[in-house]
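Colleague:
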Amino acid sequence: MTKLGVNIDHSATLRQARYRQISENPNLIVEPNPIEAALLAERGGADSITAHLREDRRHIQDSDIIELRRRIKTKLNMEIACAEDIINFALNIMPDYVCLVPENRMEITTEGGLDLTRNCDKAASAIERLSKKGIVCSVFIDPDAAQIEAAKSIGAPVVELHTGAYANAWGISGEENFQLNRISSAARRAQELGIVVNSGHGINYDNVGKLMSVAKFNELNIGHTILSRSIFVGIEEATRQMKALLEKFSA
Ligand code: PXP
Numbered sequence: 248m249t250k251l252g253v254n255i256d257h258s259a260t261l262r263q264a265r266y267r268q269i270s271e272n273p274n275l276i277v278e279p280n281p282i283e284a285a286l287l288a289e290r291g292g293a294d295s296i297t298a299h300l301r302e303d304r305r306h307i308q309d310s311d312i313i314e315l316r317r318r319i320k321t322k323l324n325m326e327i328a329c330a331e332d333i334i335n336f337a338l339n340i341m342p343d344y345v346c347l348v349p350e351n352r353m354e355i356t357t358e359g360g361l362d363l364t365r366n367c368d369k370a371a372s373a374i375e376r377l378s379k380k381g382i383v384c385s386v387f388i389d390p391d392a393a394q395i396e397a398a399k400s401i402g403a404p405v406v407e408l409h410t411g412a413y414a415n416a417w418g419i420s421g422e423e424n425f426q427l428n429r430i431s432s433a434a435r436r437a438q439e440l441g442i443v444v445n446s447g448h449g450i451n452y453d454n455v456g457k458l459m460s461v462a463k464f465n466e467l468n469i470g471h472t473i474l475s476r477s478i479f480v481g482i483e484e485a486t487r488q489m490k491a492l493l494e495k496f497s498a
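Numbering-wise, the sequence shown is residues 248 to 498 according to our numbering.
#1: For the candidate residues Asp453, Val253 and Glu439, whose alpha-carbon lies nearest to that of His299?
#2: Would you kindly work out how many angstroms separate the C-alpha atoms of Met459 and Asn274, rounded to a whole number?
#3: For my contact list, Glu218 and Ile333 are in at a C-beta cut-off of 8 Å; report their separation, rounded to the angstrom.
#4: Please report the residue range of the alpha helix (DSSP H) in which Tyr266 lies.
#5: From Ile255 to Asn465, what distance separates their C-alpha atoms?
#6: Is Ala284 buried or exposed, if buried means 16 or more other CB atoms sit within 10 Å of its CB?
#7: Quick one: residues in its chain with C-beta nearer than 6 Å to the C-beta of Arg436, no 5 flanking neighbours on either side, listed in chain order?
#8: What's the gap between the Cα of Arg316 and the Cα of Leu251?
#9: Just the residues with CB closer than 7 Å to a heavy atom of the ligand PXP, in chain order, which are they?
#10: Near Asp294, which residues of its chain fall below 8 Å by C-beta distance, leaving aside the five closest residues on each side in sequence?
#11: Is it true that the CB of Gly456 sits closer than 9 Å to the CB of Leu408?
#12: Suppose contacts are defined by Cβ-Cβ distances below 9 Å. Is Pro349 in contact with Asp362 by that definition?
#13: Beta strand (DSSP E) containing Asn468: first to last residue?
#14: Leaving out five residues on either side along the sequence, give the residues of the same chain with a beta carbon under 6 Å from the beta carbon of Asn451.
#15: If you check the beta carbons only, do Ile430 and Ala403 fall under 9 Å apart?
#16: So, under 8 Å CB-CB, Ile382 and Pro342 are touching, yes? Tell me the CB distance rounded to an integer number of Å.
#17: To the nearest angstrom, how far is it from the Cα of Glu331 to the Cα of Ser420?
#18: Would you mind working out which of Leu377, Gly292 and Asn324 sits nearest Ile307, comparing C-alpha positions?
#19: If we call anything under 9 Å between Cβ atoms a contact, is Val386 one with Leu347?
#20: For Arg267 and chain D, any beta-carbon pair shorter than 9 Å?
#21: I need the boundaries of the alpha helix (DSSP H) containing Ala298, first residue and last residue.
#22: DSSP three-state label for Lys250, please.
#23: Pull up the CB-CB distance for Ala499 and Pro281, whole angstroms please, since I reckon it's below 8 Å.
#24: Have a look at Trp417 and Thr364 and give me their C-alpha separation to the nearest angstrom.
And the structure:
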């Protein structure tokens, strides 16, 4: 059964939109609280909670990660860039999983995978340090054979395939099939090499079924669509609905 990781970053995005400068007033109710979002997602069936501690601290803050580590009952998956201070922070917090992602300060959200074929030294060293402490590491990469081979060469036990190009091709039949084939081939190659395959980015209630029909995934990391639906039905129910789809399409 494919597991569901719920990415709560956008609950923090909403909080920061109003409360970036935390006031001195202790009576202020700073909302929404990403920890509450995580706990409700767990009640809705999330198998793990994902949070991206960006170098620019755009949404998730250090204190959120500390509190998540203390309070969630499932697994904590930290997305981080290969930056020394953030790696050290992760080594202190000891999340269950770390996903190494690229970061570009101008992007609105993570836009592409890590290019391990060009520069993999930092990722290799991060994986070595985090793995030694028992943290399971993944690398967020585009679904391409060269990236899979590079992930293998640096000892990544898990890859998270970037599904953004597939999501963006939704409804354009030739392009959509092309992107699904890329994901399917990349997943197959990774599995041949003994690498666990996760996926994430742009997955929603509509496109998840086709995605799951082309490969077997260990876990899907999903944020924006669940947070969007939660405005109308609440995060527990939005998570429950996605979890039901994962159950249905895993069968
Ligand atoms: N996986 C990774 C590595 C991400 O950086 C993100 C957020 O951009 C996601 C999954 C979740 O993507 P989305 O919010 O589009 O579901």
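Glycine is no exception: its CB is placed at the ideal position from the N, C-alpha and C atoms.
Modeller: Inspection of the coordinates gives the following:
#1: What you label residue 299 is simply residue 52 of the sequence shown in a count that begins at 1. Ranking Asp453, Val253 and Glu439 by Cα distance to His299 puts Val253 first.
#2: As a working mapping, residue 459 is identified with position 212 in the sequence shown. As a working mapping, residue 274 is identified with position 27 in the sequence shown. Computed Cα separation, rounded: 46 Å.
#3: Residue 218 falls outside the range modelled here, since the chain spans only 248 to 498, and no answer is possible.
#4: Here the question's residue 266 lines up with position 19 in the sequence shown. Residues Asp256 to Tyr266.
#5: Within the sequence shown, residue 255 is the residue found at index 8, counting from 1. Within the sequence shown, residue 465 is the residue found at index 218, counting from 1. Rounded to the nearest angstrom, the two C-alpha atoms are 19 Å apart.
#6: Locating residue 284 in the sequence shown gives position 37, where the first residue counts as 1. Per the 10 Å Cβ criterion, buried.
#7: Working through the sequence shown from its first residue, we reach residue 436 at position 189. Excluding residues within five positions, the ones whose Cβ falls inside 6 Å are Ala392 and Ile395.
#8: Residue numbering aside, residue 316 sits at position 69 when the sequence shown is read from its first letter. Residue numbering aside, residue 251 sits at position 4 when the sequence shown is read from its first letter. Distance between the alpha carbons of Arg316 and Leu251: 18 Å.
#9: Asn254, Asp256, His257, Thr297, His299, Glu326, Cys346, Val348, Thr356, Thr357, Phe387, Glu407, Gly447, His448, Gly449, Ile450, Asn468, Ile469, Gly470, His471 and Thr472
#10: Within the sequence shown, numbered from 1, the residue matching residue 294 stands at position 47. Cβ neighbours of Asp294 beyond the five flanking positions: Lys250, Leu251, Gly252, Thr321, Lys322 and Glu466.
#11: Looking up residue 408 in the sequence shown gives position 161. Looking up residue 456 in the sequence shown gives position 209. Contact: no.
#12: Here residue 349 refers to the residue found at position 102 when the sequence shown is read from its first residue. Here residue 362 refers to the residue found at position 115 when the sequence shown is read from its first residue. Taking a C-beta distance under 9 Å as the contact criterion, Pro349 and Asp362 qualify as a contact pair.
#13: If you number the sequence shown from 1, residue 468 lands on position 221. Per DSSP, Asn468 belongs to the beta strand (DSSP E) from Glu466 to Ile469.
#14: The residue you call residue 451 lines up with position 204 of the sequence shown. Scanning its chain for C-beta atoms nearer than 6 Å, with the 5 sequence neighbours on each side dropped, one finds around Asn451 the residues Thr472, in chain order.
#15: Counted from its first residue, the sequence shown places residue 430 at position 183. Counted from its first residue, the sequence shown places residue 403 at position 156. Contact: no.
#16: In the sequence shown, counting from the first residue as 1, residue 382 sits at position 135. In the sequence shown, counting from the first residue as 1, residue 342 sits at position 95. Right, the Cβ-Cβ distance comes to about 6 Å (below 8 Å), so this counts as a contact.
#17: For the purposes of this step, residue 331 is identified with residue 84 of the sequence shown, where counting begins at 1. For the purposes of this step, residue 420 is identified with residue 173 of the sequence shown, where counting begins at 1. Those two C-alpha atoms are separated by around 42 Å.
#18: The count along the sequence shown starts at 1 and reaches residue 307 at position 60. Nearest option by C-alpha distance: Asn324.
#19: For the purposes of this step, residue 386 is taken as residue 139 along the sequence shown, with counting starting at 1. For the purposes of this step, residue 347 is taken as residue 100 along the sequence shown, with counting starting at 1. Contact flag set, yes.
#20: Note that chain D does not occur in the displayed structure, where there is just one protein chain.
#21: By one-based count along the sequence shown, residue 298 stands at place 51. Here Ala298 belongs to no alpha helix (DSSP H); instead the beta strand (DSSP E) covers Ser295 to His299.
#22: Start at 1 with the first residue of the sequence shown, and residue 250 comes out as number 3. In the structure shown, Lys250 falls within a strand segment according to DSSP collapsed to helix, strand and coil.
#23: For residue 499 there is no data in the structure shown, the boundaries of the chain being 248 and 498.
#24: Against the sequence shown, residue 417 aligns to sequence position 170. Against the sequence shown, residue 364 aligns to sequence position 117. When rounded, the separation of the alpha-carbon atoms in Trp417 and Thr364 is 28 Å.
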